[in-house]
Structure formats: structure tokens, C-alpha cells
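Since the structure comes first, as C-alpha cells, the remarks are kept for the end.
Residue numbers (my numbering): 4 to 80.
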């Protein structure tokens with residue numbers, strides 16, 4: 004990971020952008036003390052989340068009948 008002091012950021016914003024586009028993160032420091040990181044927006048999942056399927060936007064849809072049954076009991080058909 005690259006490290007830069009905050010005073011260097013403005014003149015080098017294009018360089019930071021290029022670095023993150025290549026998948027690398029940049030540590031931003033203030034007077035040598037780590038303050039924050041610029042990371043790639045499309046960073047892949049690692050660790051415990053690696054290989055996990057994405058969570059659907061509407062997670063309850065596949066279980067709508069089961070959820071309704073839990074709250075209201077079985078439907079009278």
C-alpha cells in the first residue's frame with residue numbers, strides 16, 4: 004500500500020485515482036499519522052466474504068409465503 008501525506012493529495016489526485024483504478028489502495032496520512040485510505044470502488048471481497056453470493060435487493064421475496072405464515076398462520080384455501 005502506498006502512503007501519502009495529506010499535503011500531497013491535491014496536486015497528486017490524478018495519481019491517486021490511477022493507483023486505485025489499478026486495484027491498489029493509498030494510505031493518506033496527516034503529519035505522518037494514518038488518517039484514511041483511498042481504496043478501489045470495485046474492490047473484490049476477501050476473507051470471510053470471499054465466495055459468498057451477493058444478497059438480493061429484495062431478500063424476503065423468495066420466502067414471502069413462509070414469512071406471512073409465521074405472522075398470520077396458514078392461509079385458508
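Cβ coordinates follow ideal geometry from the N, Cα and C atoms, glycine included.
Which of the three DSSP states is assigned to residue i in this structure?
i: residue 77; result: coil
i: residue 65; result: helix
i: residue 37; result: strand
i: residue 45; result: coil
i: residue 56; result: coil
i: residue 25; result: coil
Buried or exposed, going by whether 16 or more other CB atoms sit within 10 Å of the CB of residue i?
i: residue 10; result: exposed
i: residue 36; result: exposed
i: residue 23; result: buried
Starting from residue i, follow its DSSP beta bridges and name the residues at the other end.
i: residue 6; result: 30
Does the beta-carbon distance from residue i to residue j come in below 8 Å?
i: residue 32; j: residue 38; result: yes
i: residue 28; j: residue 43; result: yes
i: residue 55; j: residue 30; result: no
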